[in-house]
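Residue numbers (UniProt numbering): 1 to 209. Just so it is clear, CB atoms sit at the ideal spot from N, CA and C, and this is done for glycine as well.
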Amino acid sequence: MAFIIAVAQQKGGAGKSTVAANLAAALAATRRVALLDTDPQATLSRWAALRAENPAASPLGFEAVSGWRVPAAIDKLSRDHDVVVLDTAPHAETDSKVAIRAASLVVVPMQPAGPDLWASEATLKLAEGEKRPALVLLNRVPAQGKLKEQIAAELAGRKLATLGPGWGNRTGFATAFMAGLGVTEAAPRSSAADEVAQTVAALTSLMKK
1 MAFIIAVAQQ KGGAGKSTVA ANLAAALAAT RRVALLDTDP QATLSRWAAL
51 RAENPAASPL GFEAVSGWRV PAAIDKLSRD HDVVVLDTAP HAETDSKVAI
101 RAASLVVVPM QPAGPDLWAS EATLKLAEGE KRPALVLLNR VPAQGKLKEQ
151 IAAELAGRKL ATLGPGWGNR TGFATAFMAG LGVTEAAPRS SAADEVAQTV
201 AALTSLMKK
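Right, dumping it as structure tokens:
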């Protein structure tokens, strides 16, 4: 049975699609991975179309469905892949609940700012209600300042665990995305790629358990 990662965040603009794409691309280097886009905005569908034309891309299964079709799509992809990554729709509690219910792990992208932390509470509550483990992935972390440490302390106070060290606010992510790639494929020696690799290492440890 596949390990299913639901990338969920009911607040828009947290970088959810970028996180889903980069996790899937990095994992695809060593595993059979599928990416399921359940967001009607279809951002990952555009990315997947670019990816299909890029010879630097690792093989990656892809489907785009929403609503009542999601559970059947997850079941189908799980039979033929080791990992299925779900990109969920923001502001859609019902669709998010369906994806979270099927997940082995819920990854909640969050920018290190108070409003993003507060907005994440709804997604974390959904995961708790479905009895699914959830980890926060700090995303678009500024290079300077104490904001990351302040948010990390707040998360610790709430007993919310993070996945890896977080991802910086780096142009490499946007550049890779526009080529249909993950940053580990487009710039494997970059700081951004190292951050993704550390996150995947943490994921791999969880999958073994």
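(request) Excluding the 5 residues preceding and the 5 following residue 1 in the sequence, name in chain order all residues of the same chain whose CB lies nearer than 7 Å to its CB. (result) 78
(message) Taking 7 Å as the limit between beta carbons, can you name the residues of its chain near residue 101, skipping five residues before and five after?
(response) 130
(request) Could you tell me the distance, in whole angstroms, from the CA atom of residue 223 to the CA atom of residue 72? (result) Given that the chain is displayed from residue 1 to residue 209, the structure contains no residue 223 and the question cannot be resolved.
(request) Give every residue of the same chain whose Cβ lies closer than 8 Å to the Cβ of residue 95, excluding the five residues on either side of it in the sequence, and list them in chain order. (result) In chain order, 38, 66, 67, 70, 88, 89 place their CB closer than 8 Å to the CB of residue 95, counting only its own chain and leaving out the 5 sequence neighbours on each side.
(message) Check whether the stretch 176 to 193 and the stretch 44 to 54 touch, using three or more Cβ-Cβ pairs below 8 Å as the test.
(response) yes
(request) Could you pull the start and end residues of the beta strand (DSSP E) that residue 106 belongs to? (result) Counting along the chain, residue 106 sits inside the beta strand (DSSP E) bounded by residues 105 to 110.
(message) Do residue 86 and residue 5 count as a contact pair if the criterion is CB distance below 8 Å?
(response) yes
(request) Using the Cα positions of residue 201 and residue 30, report the straight-line distance between them to the nearest angstrom. (result) Rounded to whole angstroms, residue 201 to residue 30 spans 12 Å at the Cα level.
(message) So within the UniProt domain "CobQ/CobB/MinD/ParA nucleotide binding" (5 to 159), which uninterrupted alpha helix (DSSP H) runs reach at least 4 residues, ignoring any that extend past its ends?
(response) The UniProt domain "CobQ/CobB/MinD/ParA nucleotide binding" (5 to 159) contains these whole alpha helix (DSSP H) runs: 16 to 27, 43 to 52, 70 to 80, 93 to 102, 114 to 129, 147 to 157.
(request) Give the secondary structure of residue 168 by DSSP, where H, G and I count as helix, E and B as strand, and everything else as coil. (result) strand
(message) Quick check: is the beta carbon of residue 27 nearer than 8 Å to any beta carbon in chain D?
(response) Note that chain D does not occur in the displayed structure, where there is just one protein chain.
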